[in-house]
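1 is the number of the first residue of the sequence shown in full-length UniProt numbering; add one for each residue after it. Heads up, the beta-carbon is just placed ideally off N, CA and C, and yes, glycines get one too. The structure appears right after this line, and notes come after that.
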Amino acid sequence: MCFCGNTQAFEQCCKPFIKGQSTPHQSEQLMRSRYSAYCTKECEYILNTYASKTRSEHTVEDILMFAQQVKFVHLDVIETDQDDQYQYVEFKASYLEGVQLSVLHERSRFVKENGAWLYLDGVLYPEESKKVSRNDPCPCLSGKKFKKCHG
């Protein structure tokens, strides 16, 4: 199973995008591959998939610092849609920082540049963080207790 939640293995799902062997045809594929890139700390890919308008606001070092600080455990794609200019993906990305579970809930906006979808920006929705106890179910939805999985 891929980090992004698809049933295909990472090698067939997101890795070809991250390694530049193919290009996402839809913004959802790009969003999922960016999530997998955070999981695998492929920060160059994340930087390179920002739209040219916003890319200069980010650095590989900043992206890496965040990716090393947290452990992404689950991705839930809520909705995708589009208009004449953009595609949108609303998702929830759950991550652990120690025993603190946080959720990044965003409606991302993607733009096509030179035939490729790129992340432009997004609207964040507030989500409460919570502490995960040793005997709680793991937030990755493995069915195991937290202490036996990501704890």
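Which first and last residues belong to the alpha helix (DSSP H) in which residue i is found?
i: V89; result: No alpha helix (DSSP H) holds V89; the beta strand (DSSP E) holding it covers Y86 to E97.
i: F17; result: K15 to I18
To the nearest angstrom, how far is the alpha carbon of residue i from that of residue j?
i: L30; j: K130; result: 29 Å
i: N48; j: L101; result: 28 Å
i: Y95; j: Q85; result: 31 Å
i: K41; j: D83; result: 32 Å
i: E44; j: H58; result: 11 Å
i: A9; j: V123; result: 30 Å
Beta carbon of residue i, beta carbon of residue j: below 8 Å?
i: A93; j: F72; result: yes
i: A51; j: E90; result: no
i: Q69; j: E97; result: yes
i: L75; j: G5; result: yes
i: N135; j: K144; result: no
**Message:** What ranges does the alpha helix (DSSP H) occupy inside the UniProt domain "YchJ-like middle NTF2-like" (27-122), keeping only unbroken runs of at least 4 residues that lie completely in it?
**Reply:** 27-40, 43-48, 52-55 and 60-69
**Validate contact between the segment 112-120 and the segment 18-35 using beta carbons, cut 8 Å, 3 pairs** = yes
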